[in-house]
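Each remark here refers to the structure printed beneath this line.
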């Protein structure tokens, strides 16, 4: 009974007619006389009720209470939805940011395989020429030590070419049979061994030195034919001049490396220092050559799109048949003789400067060996850059639609006329700086030949003629210096040869390979 009485008098609202503001939940006032509830044994009873309070129907209170609960629940639900929405937006922003970062993240860049091939080719050509140049610098202290004359010095310098002339022909046949990759690797291994043994041979006897240098030339003679064959198979026609230019840039940088490092090694370690260094670099290069193939079709790393690009850019039938034409047929064609004469002229001038430049600066201008090396290195460095420019220019003209034969003739004319004029100017210089400037111009312009006759170097018999000319010019320079006491006369003969070969080339050369 008491419970019923307590339930009926559970709550009373204290309201003021003048200043009440109803709550949507319970209709309570905002004033200080708000209902305060005290928990009792059976429920809640109001505290501080006044005489103005009036009872509220329980059913009405129940409806109000339920309505208030509904409002509270809805408000909490809204807050929960807002919170979830905010968290969802935050997660979405983070995920979107990450997605955008993944979207803008660059894909893995795949370097075309032909670029890797030409990079390795440039490195081995650099090593090839550096090994040659070591002797051109080391021969100066060796000549002092053993008392060699200028004429005999020329014989020592030319001994490298004795083996080179043989392998330039035999090497081509070996490349046809075993492939450029294997033949080039064998050549690098053998010439690195010969480089390592050179100091020992020089101390043993003159005969041993000449023999080891001839063996060195025999091993290096395969480098240029292998380069020509491998690049012709890995590059389309419109990129071939650039590929040759990059490879030959490495070739000329080998001169710079050899000329600058050899004097340092000689003064710090001794005569064996530079030979050990460059022999070791050859063995390191061999470890990187294993993944290269003779033909892009044999490569497991090349993409299909790159292979299609290479195959679509080839027109030379000689690249695919791999057969060496009969010598009688070869020598019956004037374009072949244009290539042969160009090779003779190029090797004549090139090996004169390669073999005698340090001696030239030391003899004519009386500079020490380190200064002579620096004066000699600058021209080869600029030749490396100009060779690439020549190749890129040639490819650009071909892509622009200029006739292929005309492009080859333009490049070759620049490559011969420029050096001829520069060598004549050497007769009038009085300082080593001016001499270095004209030699730099001569070698820089001669690199344009790389976009001329050198792209037709498949006529391998021309290598033999060119090597024979290099032997004659290297030995002949020594005798000219000994008999006449100067380099000027021989440089004039070399300039005349440049001019004559330019005329013959423009009359009979073609842009395509002869066979």
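Numbering (the working numbering), first residue to last: 1 to 515.
Note that beta-carbon positions come from the ideal geometry of N, C-alpha and C, so glycine has one too.
1. For residue 272, which residues of its own chain have a beta-carbon under 6 Å away from its beta-carbon, when the five flanking residues on both sides are left out?
2. Excluding the 5 residues flanking residue 217 on each side, which residues of the same chain have their C-beta closer than 7 Å to its C-beta?
3. Classify residue 436 as helix, strand or coil using the three-state DSSP reduction.
4. Please list the terminal residues of the continuous alpha helix (DSSP H) segment that includes residue 284.
5. Does the stretch 119-127 touch the stretch 240-247, meaning 3 or more C-beta pairs lie closer than 8 Å?
6. Kindly indicate which three-state DSSP category residue 400 falls into: helix, strand or coil?
7. If we call anything under 8 Å between Cβ atoms a contact, is residue 449 one with residue 488?
8. Using 8 Å as the threshold, is the C-beta distance between residue 201 and residue 209 below it?
9. How many whole angstroms separate the CB atoms of residue 528 and residue 480, which I take to be in contact at a CB cut-off of 8 Å?
10. Take residue 212 as the anchor and find which of 225, 231, 190 and 229 has the nearest alpha-carbon.
11. Please determine, among 366, 453, 443 and 183, the residue with the shortest C-alpha to C-alpha distance to residue 430.
12. Counting C-beta neighbours from all protein chains within 10 Å, is the total for residue 252 16 or more, i.e. buried, or is it exposed?
13. Under a Cβ-count criterion, where at least 16 other Cβ atoms within 10 Å of its own Cβ denotes burial, should residue 400 be classed as buried or exposed?
14. Grab me the residues of residue 150's own chain with a C-beta within less than 7 Å of its C-beta, minus the 5 sequence neighbours each way, in chain order.
15. Quick check on DSSP: helix, strand or coil for residue 487?
16. Within the same chain, show all residues whose beta-carbon is closer than 7 Å to that of residue 504, passing over the 5 residues directly before and after it, in chain order.
17. Report the three-state DSSP secondary structure of residue 95 (helix, strand or coil).
18. Locate the alpha helix (DSSP H) running through residue 115, then write down its first and last residues.
19. Check this for me: beta carbons of residue 369 and residue 140, under 8 Å apart or not?
20. Can you tell me whether residue 300 is helix, strand or coil according to DSSP?
21. Distance check for residue 291 and residue 116, CA to CA, integer angstroms please.
22. Pick helix, strand or coil for residue 110, following the three-state DSSP scheme.
23. Is it right to say residue 223 is buried, meaning 16 or more other beta carbons lie within 10 angstroms of its own, or is it exposed?
24. Would residue 235 and residue 310 qualify as a contact pair, given that the criterion is a beta-carbon distance under 8 Å?
25. On the CB-based measure, 16 or more other CB atoms within 10 Å of its CB, does residue 32 come out buried or exposed?
26. Would residue 281 and residue 406 be called neighbours here (beta carbons separated by less than 8 Å)?
27. What are the uninterrupted segments assigned as alpha helix (DSSP H) that are 4 or more residues long and contained completely in the stretch 360-420, given in chain order?
28. Can you tell me where the alpha helix (DSSP H) with residue 453 in it begins and where it stops?
29. Tell me the rounded alpha-carbon separation between residue 381 and residue 260.
30. Run the CB neighbour count on residue 330, radius 10 Å, all protein chains shown included, and call it buried at 16 or more, exposed below.
31. For residue 180, report the span of its alpha helix (DSSP H) as first-last.
32. Below 6 Å CB to CB, which residues in the same chain sit around residue 94 once its five sequence neighbours on both sides are set aside?
33. Measuring CA to CA, which of 392, 446, 148 and 410 is closest to residue 423?
34. Restricting to Cα atoms, I'd like to know which of 391, 360 and 379 is closest to residue 427.
35. Got a sec? Which residues, its chain only, sit under 6 Å from residue 125 by beta carbon, not counting five neighbours each side?
Based on what the coordinates show:
1. The residues 199, in chain order, have a CB closer than 6 Å to that of residue 272 in the same chain once the five nearest residues on each side in sequence are set aside.
2. Closer than 7 Å at the Cβ level, and outside the excluded window around residue 217, lie 160, 161, 162, 163 and 164.
3. In the three-state DSSP reduction, residue 436 falls in the helix class (H, G or I).
4. For residue 284, the enclosing alpha helix (DSSP H) has its first and last residue at 273-286.
5. Three or more pairs of CB atoms, one per stretch, sit closer than 8 Å, so the stretch 240-247 contacts the stretch 119-127.
6. When secondary structure is reduced to three states using DSSP, residue 400 falls in the coil class, being assigned neither helix nor strand.
7. Not in contact: residue 449 and residue 488 (Cβ atoms no closer than 8 Å).
8. Their beta carbons are under 8 Å apart, which means residue 201 touches residue 209 by this criterion.
9. As displayed, the chain neither begins before 1 nor continues past 515, which places residue 528 out of reach and without an answer.
10. With distances taken between Cα atoms, residue 212 lies closest to 190.
11. From the listed residues 366, 453, 443 and 183, the smallest Cα separation to residue 430 is found for 366.
12. Result: buried.
13. Classification for residue 400: exposed.
14. Annotation for residue 150: 478, 481 and 482 place their beta carbon closer than 7 Å to its own, counting only its chain and skipping 5 residues before and after.
15. Coil, per DSSP.
16. Residues of the same chain with a CB within less than 7 Å of the CB of residue 504, apart from the 5 flanking positions on each side, are 338 and 341 in chain order.
17. Residue confidence for residue 95 is low, a pLDDT of 42 falling below 50, so the modelled location carries little weight and cannot support an answer.
18. It spans 113-146 - the alpha helix (DSSP H) in which residue 115 sits, taken as one unbroken run.
19. With respect to residue 140, residue 369 sits close: the two C-beta atoms are nearer than 8 Å.
20. Three-state result, residue 300: coil.
21. If you take the alpha carbons of residue 116 and residue 291, they lie about 10 Å apart.
22. Residue 110: coil per DSSP, three-state reduction.
23. By the neighbour-count definition (other C-beta atoms within 10 Å, threshold 16), residue 223 is a buried residue.
24. Yes, Cβ-Cβ distance for residue 235 and residue 310 is below 8 Å.
25. Residue confidence for residue 32 is low, a pLDDT of 43 falling below 50, so the modelled location carries little weight and cannot support an answer.
26. No, they are not a contact pair.
27. Within the stretch 360-420, the complete alpha helix (DSSP H) segments at least 4 residues long are 369-399, listed from N- to C-terminus.
28. Per DSSP, residue 453 lies in no alpha helix (DSSP H) segment and is marked neither H nor E.
29. Distance between the alpha carbons of residue 381 and residue 260 is about 11 Å.
30. Residue 330 should be labelled buried.
31. Unbroken alpha helix (DSSP H) run through residue 180: 180-204.
32. Residue confidence for residue 94 is low, a pLDDT of 38 falling below 50, so the modelled location carries little weight and cannot support an answer.
33. Checking every option, the nearest Cα to that of residue 423 belongs to 446.
34. The option with the nearest alpha carbon to residue 427 is 360.
35. Here the set comprises 247, 250 and 251.
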